[in-house]
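Counting from 717, one number per residue, gives the positions in the sequence shown under the working numbering.
Each residue gets a CB set at the ideal place from its N, CA and C atoms; glycine is no exception.
Remember, predicted model here, so these are calculated numbers, not experimental data.
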Amino acid sequence: MSGITYDYMEEYIRGLIKESNPILKELEEYAHKNNVPIIQKEVGKFLELMINIKRPKKILELGTAIGYSAILMKTACIEDCEIVTVERDQDMINLAQNNIEKYGVSKDIKIVQGDCLDVLENLQGEFDLIFMDAGKGHYNHFLPHCLRLLNKDGVIVADNVLFRGMIASNELVKRRKITIVKRMRKFLEMVSEDEFITSVIPMGDGIAVITRREK
Ligand SMILES: C[S@@+](CC[C@H](N)C(=O)[O-])C[C@H]1O[C@@H](n2cnc3c(N)ncnc32)[C@H](O)[C@@H]1O
717 MSGITYDYME EYIRGLIKES NPILKELEEY AHKNNVPIIQ KEVGKFLELM
767 INIKRPKKIL ELGTAIGYSA ILMKTACIED CEIVTVERDQ DMINLAQNNI
817 EKYGVSKDIK IVQGDCLDVL ENLQGEFDLI FMDAGKGHYN HFLPHCLRLL
867 NKDGVIVADN VLFRGMIASN ELVKRRKITI VKRMRKFLEM VSEDEFITSV
917 IPMGDGIAVI TRREK
């Protein structure tokens, strides 16, 4: 069990999601075989829905891995859209670059190598959607940078915010994960302030969807 929801519920919901296109399916199989953590199918569907509603022109992703979610988001874009995705691991970057080229979207997906915090500190631009999926022990540190880079009416989607249930229940916390848990709780408190509208959804490993409240 994921510690977030019931297995039967996840299985049922995943069963409703149609099979991915052949490239994404190949990447899902690769990730499964090689233990690469990629977004769960229902989170992928949520991103697709969000992109359909928001029609972003510029997306920032933290955590490329093999490029699965970046390609999925690009596939979901109806209009022209540029994706900047940040990854620190060179092996992952090589795999992702290969996959992005294979899918023919290298013009629109740019991988930036480095630690998210360093990259964020120096990054400029205005993003309509920011997907946080790396360094869950640092979301609280990433947030001020993400807010600087987010359009006035942009949306942040953050994955793993319930971290196998540990964020919600002390009984589930593993000792070596205490720092991540404390920092993730801090992040969720920060985005629960009045200046934001935040919805925490027990989907996948837990997602938070955040926008600025209009004054
Ligand atoms: C959960 S995976 C991303 C999965 C990807 N978004 C997908 O669903 O296809 C997280 C990735 O972030 C990278 N990562 C973790 N911490 C990072 C950091 N502080 N800066 C940059 N990359 C980081 C890891 O190497 C890993 O490849």
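- When V925, K902, E837 are compared, the shortest CA-CA separation from I913 is found for V925.
- Separation of the CB atoms of T780 and I827 is rounded to 6 Å, and the pair is thereby assigned contact status at 8 Å.
- E726 is the residue among E726, G719, V871, A812 whose C-alpha sits nearest the C-alpha of E758.
- Excluding sequence positions up to five before and after Y855, its CB lies within less than 8 Å of the CB of M848, A874, V877, R899, M900, F903, all in the same chain and listed in chain order.
- Here I809 is not near I825, since their CB atoms are 8 Å or more apart.
- By the Cβ rule, the segment 876-894 does not count as touching the segment 803-821, because fewer than three pairs are nearer than 8 Å.
- Here DSSP, grouped into helix, strand and coil, assigns N751 to coil.
- Per the DSSP secondary-structure output, Q829 pairs in a beta bridge with E803.
- Of the other Cβ atoms in all chains shown, fewer than 16 fall within 10 Å of the Cβ of S908; this residue is therefore exposed.
- Beta bridge pairing from DSSP links M848 with L778, A874.
- At a cut-off of 7 Å, the beta-carbon of I733 does not count as near ligand 1: no heavy atom of the ligand is closer than that.
- By the Cβ-count criterion, Q840 is exposed, with fewer than 16 other Cβ atoms from all chains shown falling within 10 Å of its own Cβ.
- The three-state secondary structure of N856, taken from DSSP, is helix.
- The secondary-structure analysis by DSSP pairs T914 across a beta bridge with I926.
- Contact between the segment 830-837 and the segment 758-773 is absent, with fewer than three C-beta pairs closer than 8 Å.
- Out of G851, A747, I782, the CA that lies nearest to the CA of E817 is found in I782.
- DSSP lists K774 as the bridge partner or partners of E798.
- With respect to the C-alpha of R892, the residue from G853, H857, C862, D807 having the closest C-alpha is G853.
- Looking only at K790, P918, A792, R929, the smallest Cα-Cα distance to I729 is reached by P918.
- With contacts defined by Cβ atoms closer than 8 Å, D844 and K774 form a contacting pair.
- Under the DSSP definition of a beta bridge, F843 partners with L866.
- In summary, E842 is exposed, with fewer than 16 beta-carbon neighbours lying within 10 Å of its beta-carbon over all protein chains present.
- L859 sits away from N815, with the two beta carbons spaced by 8 Å or more.
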